[in-house]
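A quick write-up on the structure given underneath.
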Amino acid sequence: MTKSKTAKIDILVLLLIGLMLTYSAAIFLSAYLSGTDMGAWVWERHQNLFSWYSRPLFIIPAAYYAYRRKVWHVLGFMLLLATSLFWFAAPATTDPAIRDYLQWEADLFLSNNSSFPLLALILAVLIFLFLLFYAFWQRNPWLGLLVINVGTILKIVVSLVFGESAGEAAIVPSLSSLLVINLFAYFLYRRFRQSRKPG
Numbered sequence: 001m002t003k004s005k006t007a008k009i010d011i012l013v014l015l016l017i018g019l020m021l022t023y024s025a026a027i028f029l030s031a032y033l034s035g036t037d038m039g040a041w042v043w044e045r046h047q048n049l050f051s052w053y054s055r056p057l058f059i060i061p062a063a064y065y066a067y068r069r070k071v072w073h074v075l076g077f078m079l080l081l082a083t084s085l086f087w088f089a090a091p092a093t094t095d096p097a098i099r100d101y102l103q104w105e106a107d108l109f110l111s112n113n114s115s116f117p118l119l120a121l122i123l124a125v126l127i128f129l130f131l132l133f134y135a136f137w138q139r140n141p142w143l144g145l146l147v148i149n150v151g152t153i154l155k156i157v158v159s160l161v162f163g164e165s166a167g168e169a170a171i172v173p174s175l176s177s178l179l180v181i182n183l184f185a186y187f188l189y190r191r192f193r194q195s196r197k198p199g
């Protein structure tokens, strides 16, 4: 692919990110202006499993653009990941396991008398993202893949240790995201190996 074509695709991606962020802002502002309890609104919409299983759609391109050292693309996909929590309508019915898990998160991070759990969560997420994108920025995809795998497993462990039975709801979405990301990495590795073969 020529540089000019790649540049055009990069611009198109930024435009798509902008459109999706505009959509996010529009539905958020609409809910806010209608007098909705925004915390409850986000919490209810986050119970839609599409917001759980869509994470690889943002992590993979963000890692790709970190590898190419495109800061705005990385930031854009991370903003999409954050706003995707409330993109989808609240489900008519919610799996009790999902509801219990989200309630455990809300109780631990938002309703806790101590701010330590929330600060620890924010710090952990920032460290994870820094290590992830630093690895790809340094053109070390294997380290980046290791960070994703270790970070996801740690999330499951923390959910099970502190959330106990409620934490079990994090297992399937987390492992499915990990499976998609690892399969995608394997596919790229196979293509790279084939392209390096002579003749």
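Just so you know, the sequence shown maps onto residues 1 to 199 in full-length UniProt numbering. Don't be surprised by glycine CBs; every beta carbon is placed ideally from N, CA and C.
Taking LEU80 and LEU119 to be in contact with their CB atoms under 8 Å, please state how far apart those CB atoms are, rounded to whole angstroms.
Walking along the sequence shown from the start, residue 80 turns up at place 80. Walking along the sequence shown from the start, residue 119 turns up at place 119. That belief does not hold up - the Cβ atoms of LEU80 and LEU119 are roughly 25 Å apart, past 8 Å.
Could you tell me if ASN113 is buried or exposed, where buried requires 16 or more neighbouring beta carbons within 10 angstroms of its beta carbon?
Position 113 of the sequence shown, counted from the start, is the residue given in the question as residue 113. When all chains shown are included, ASN113 counts as exposed.
With burial defined as no fewer than 16 other Cβ atoms inside 10 Å of the residue's Cβ, what is the status of PRO173: buried or exposed?
Counting from 1 along the sequence shown, the entry for residue 173 is found at position 173. The residue in question, PRO173, is buried, as its Cβ has 16 or more Cβ neighbours within 10 Å.
Indicate whether HIS46 and LEU102 have their beta-carbon atoms separated by less than 8 Å.
For the purposes of this step, residue 46 is taken as residue 46 along the sequence shown, with counting starting at 1. For the purposes of this step, residue 102 is taken as residue 102 along the sequence shown, with counting starting at 1. Result yes, Cβ atoms of HIS46 and LEU102 sit closer than 8 Å.
Does the pairing of the segment 128 to 146 with the segment 56 to 64 give three or more beta-carbon distances under 8 Å?
Between the segment 128 to 146 and the segment 56 to 64 there are three or more C-beta pairs closer than 8 Å, enough to call the two in contact.
What is the DSSP secondary structure of THR22, counted as helix, strand or coil?
Within the sequence shown, numbered from 1, the residue matching residue 22 stands at position 22. Reduced to three states, the DSSP call for THR22 is helix.
Could you check what DSSP says for ALA106 in three-state terms: helix, strand or coil?
Start at 1 with the first residue of the sequence shown, and residue 106 comes out as number 106. ALA106 falls in the helix class under three-state DSSP.
Taking the beta carbon of GLU164 as the centre, do at least 16 other beta carbons fall within 10 Å, making it buried, or is it exposed?
On the sequence shown, residue 164 is found 164 positions in, with the first residue counted as 1. Exposed, by the Cβ-count rule.
Can the beta-carbon of ALA40 be found less than 8 Å from the beta-carbon of TRP104?
Translated into the one-based positions of the sequence shown, residue 40 becomes position 40. Translated into the one-based positions of the sequence shown, residue 104 becomes position 104. No, the pair does not count as a contact, with Cβ atoms beyond the cut-off.
I need the DSSP call for residue 222, collapsed to helix, strand or coil.
With the chain covering only 1 through 199, there is no way to say anything about residue 222.
Taking only runs that begin and end inside the segment 53 to 82, name each unbroken alpha helix (DSSP H) of 4 or more residues, in chain order.
56 to 67
Smallest Cα separation from ALA92: which of VAL158, TRP72, GLU44, GLY76?
Stepping through the sequence shown from its first residue, residue 92 is reached at position 92. By alpha-carbon distance to ALA92, the top candidate from VAL158, TRP72, GLU44, GLY76 is GLU44.
Buried or exposed: where does TRP72 fall if 16 or more other Cβ atoms within 10 Å of its Cβ makes it buried?
In the sequence shown, residue 72 corresponds to position 72, counting from 1. Exposed is the call here.
Mind checking PHE50: buried by the 16 CB within 10 Å criterion, or exposed?
Here residue 50 refers to the residue found at position 50 of the sequence shown. With fewer than 16 other Cβ atoms within 10 Å, it is exposed.
Closer than 8 Å is the cut-off here; do at least three beta carbon pairs connect the segment 122 to 139 with the segment 183 to 195?
no
Report buried or exposed for ARG55, applying the criterion of at least 16 other Cβ atoms within 10 angstroms of its Cβ.
Indexing the sequence shown from 1 puts residue 55 at position 55. That one is buried.
By a C-beta neighbour count over all protein chains shown, 10 Å radius and 16 as the cutoff for buried, is ILE122 buried or exposed?
By one-based count along the sequence shown, residue 122 stands at place 122. When all chains shown are included, ILE122 counts as exposed.
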